[in-house]
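Notes for the one structure printed next.
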Amino acid sequence: MSSLSKWNIAIMALCTGLIVANIYYCQPLVVLISREFEVSESNAGQVTFFTQIGYALGLLFCVPLGDKLERKKQILFMTGAAVAALCAAALSVNIGMLKITGLIIGFTSIVPQLILPLAASLAAPERRGKVIGVIMSGLLIGILLSRTLSGIIGEHFGWRAMFWIAGGMTFVMMITILFTFPQSKPSFNGSYGALMRSVFTLIRDQPLLREASTINACAFGVFGLFWTTSVFLLSNPPYNFGSDVIGLMGLAAATGALGAPLIGRIADKKNPRIAIGYGIACILAGYIIFWFFRNSLVGVIIGIVLLDLGLQGVHVSNQTRVYALLPEARNRMNTVYMTMSFIGTSLGSGIGLLVWDINKWAGVCMAGVGITFIAILIYGVTYKKEKAVVS
C-alpha cells in the first residue's frame, strides 16, 4: 500500500513545479537584463549558465543528505534559503551580482530532487513509475511555464519584478510544505564524508546508474542548448519577438510534459528502456525540424513539442530505473543521476552561447544533433551489453 494520497502527490507536484521554476525565470529575460546593465546578450546569458551550475553543485553536495537527514526539515531549510536568494537577485546592482545570486538560486532550488526520492520511498512499488510521472509533470510544466510567466512579467513590469514574484511564490510553497508534507526516517547513519564516499561507490558499482546518467546528461544538454539560444533566435529577424511572446513558447513545450504520467505507466508495465529509445528519436526529430524550418514559427513549435516529449521519455524512464536499484540509497542515486543531468544542461547552455556566436542557429542545430548522436551511441552500446548478458 502507498502512504501517499492523491492530495499528497498533487501538492508535491505543485511544489516541485513552482520551486524548480526559479532556475529558469531568467532565460526569457536575458535581452532585458543585457539592456539594463549594458552588456552583450551572451554575457547576460551567462546568468542562466551560473544558475544551472549552482543547481548541479546543490545536487552534488546537498541532495545526498536526504538519506542522512529528515527530508522535510531539509526541504524547508533549502526553500527558505531560495526565498532569500531570489530577493537578492531582484536587488542586483550589476551583472556580476546577478550571476552570483543566480548561482545561489540554483544551489538552493534543489528541493524537487529531495521531493522525488521522498515520494518514491512512500509510493507502492507497482505505482512508483506513475507517481514519479505525475510529480515529473509538475516539475517539467514548472520548468516550461516559468518561461511564459517570466516573459510576460518581464515585458510589462521589468525583469526585477519576476524575481520578487518568484520569492513570494516560493515563500508560499514553504508554508504549504510545512503543513502538508509527510516526514521520513533517515536511512544512513554514517558521517557526511562517508556519505559522499558512498556516492562514488555507487558510481563504481552500478553500471545501470552510469548508463542512465550519461544518456540523461545528453538529453538535458540538448534541452539546455535549445532554451538558452531560442531567445536569440526569436528576438531577431524574421521574428523580432519581445520577451512576452518568447515566453509563450513554453506553452508549446508544456504539451509534451503532459505525457509524463503515460510514460510512467509504460515504465511500470514494460521495459522502460523502450521508452528511452523512442525519447531519443523524438529529440533527434525535433532538432532536424529546427534545422529545416527555423524560419517557420509552426515548425519551431512542432520541434519544441518533440524535444520536450523526447526529454520526458528519456528522463522519466531513466529515473524509474534508477529508483528501483537500491531503495535505501535513493537520494544518493538521485544525486549522481541529476548532477550528471544538470552538468549536461550547463554544458549545453555553454555550448549554445559559444556556437551562437560562431554560426548562429545553424551552429545550434548541428551541436544538438551531435549531442543526440552521442546519446544514441551510448544507448546502442549498453543495449548490446545487456543483450549479451541475457543470452
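Per our numbering, the sequence shown starts with residue 1189, numbered consecutively. Glycine residues also receive a C-beta, built at the ideal position from the N, C-alpha and C atoms.
- Three or more Cβ pairs closer than 8 Å define a contact, and the stretch 1351 to 1369 falls short of that threshold against the stretch 1237 to 1257.
- Collapsing the DSSP output to three states places Glu-1226 in coil.
- Three or more pairs of CB atoms, one per stretch, sit closer than 8 Å, so the stretch 1286 to 1299 contacts the stretch 1209 to 1219.
- Tyr-1380 counts as exposed, since fewer than 16 other C-beta atoms from the protein chains shown sit within 10 angstroms of its C-beta.
- Annotation: Thr-1527 to Phe-1411 spans about 15 Å, alpha carbon to alpha carbon.
- The C-alpha of Leu-1390 is placed about 27 Å away from the C-alpha of Pro-1370.
- Inclusion of Gly-1409 and Thr-1533 in the CB contact set at 8 Å is warranted, their separation being smaller than that value.
- Using a Cβ-Cβ distance cut-off of 8 Å, the stretch 1301 to 1312 and the stretch 1409 to 1428 are not in contact, since fewer than three pairs of beta carbons, one from each stretch, lie closer than that value.
- Considering only Asn-1519, Leu-1542 and Ala-1276, the residue with the shortest C-alpha distance to Phe-1376 is Asn-1519.
- Excluding sequence positions up to five before and after Ala-1441, its CB lies within less than 6 Å of the CB of Leu-1332, Ile-1492 and Asp-1496, all in the same chain and listed in chain order.
- Linking Ile-1462 to Asn-1547 through their CA atoms gives a straight-line distance of about 35 Å.
- Your pair Phe-1420 and Glu-1229 checks out as a contact, with CB atoms roughly 6 Å apart and the cut at 8 Å.
- Taken in chain order, no unbroken stretch of alpha helix (DSSP H) lies wholly in the stretch 1495 to 1573 with a span of 4 residues or more.
- From the listed residues Gly-1474, Gln-1507 and Gln-1500, the smallest Cα separation to Leu-1494 is found for Gly-1474.
- Beta-carbon to beta-carbon, Ile-1288 and Ile-1403 are separated by about 32 Å, too far to satisfy the 8 Å threshold.
- Annotation: Phe-1561 to Glu-1224 spans about 39 Å, alpha carbon to alpha carbon.
- In the three-state reduction of the DSSP assignment, Glu-1258 falls in the coil class.
- In the three-state reduction of the DSSP assignment, Phe-1369 falls in the coil class, being assigned neither a helical nor a strand state.
- The DSSP-derived three-state label of Asn-1210 is helix.
- Short of 6 Å from the beta carbon of Met-1350, and not among the five residues preceding or following it, lie these beta carbons of its own chain, in chain order: Tyr-1213, Ser-1338, Ile-1341 and Gly-1342.
- Using a Cβ distance threshold of 8 Å, Ala-1400 and Asn-1506 count as a contacting pair.
- A residue is called buried once 16 or more other Cβ atoms fall within 10 Å of its Cβ, and Leu-1279, having fewer, is exposed.
- Rounded to whole angstroms, Ile-1199 and Ala-1269 show a C-alpha spacing of 20 Å.
- DSSP places Gly-1430 in no alpha helix (DSSP H); its state is neither H nor E.
- One thing to note: Val-1387 has its Cβ within 8 Å of the Cβ of Pro-1252.
- Apart from the 5 residues on each side of it in sequence, Ile-1564 sits with its Cβ closer than 7 Å to the Cβ of Ile-1468 in its chain, given in chain order.
- With a beta-carbon spacing of about 5 Å, Pro-1216 and Ser-1431 fall inside the 8 Å limit used to define contacts.
- The Cβ-Cβ distance between His-1503 and Ala-1407 falls below 8 Å.
- A residue is called buried when at least 16 other Cβ atoms come within 10 angstroms of its Cβ; Asp-1255 meets this threshold and is buried.
- Taking C-beta separations shorter than 7 Å and ignoring five residues to either side along the sequence, the partners of Ile-1539 in its chain run Leu-1413 and Ala-1555, following chain order.
- Around the C-beta of Val-1322, 16 or more other C-beta atoms lie within 10 Å, and the residue is accordingly described as buried.
- Within the model, the alpha-carbon separation for Phe-1480 versus Val-1543 is close to 18 Å.
- Boundaries of the alpha helix (DSSP H) around Gly-1317: 1316 to 1345.
- DSSP places Ala-1312 outside any alpha helix (DSSP H), giving it a letter other than H or E.
- Bounds of any alpha helix (DSSP H) do not take in Pro-1252, whose DSSP letter is neither H nor E.
- DSSP, reduced to helix, strand and coil, places Leu-1217 within a helical segment of the structure shown.
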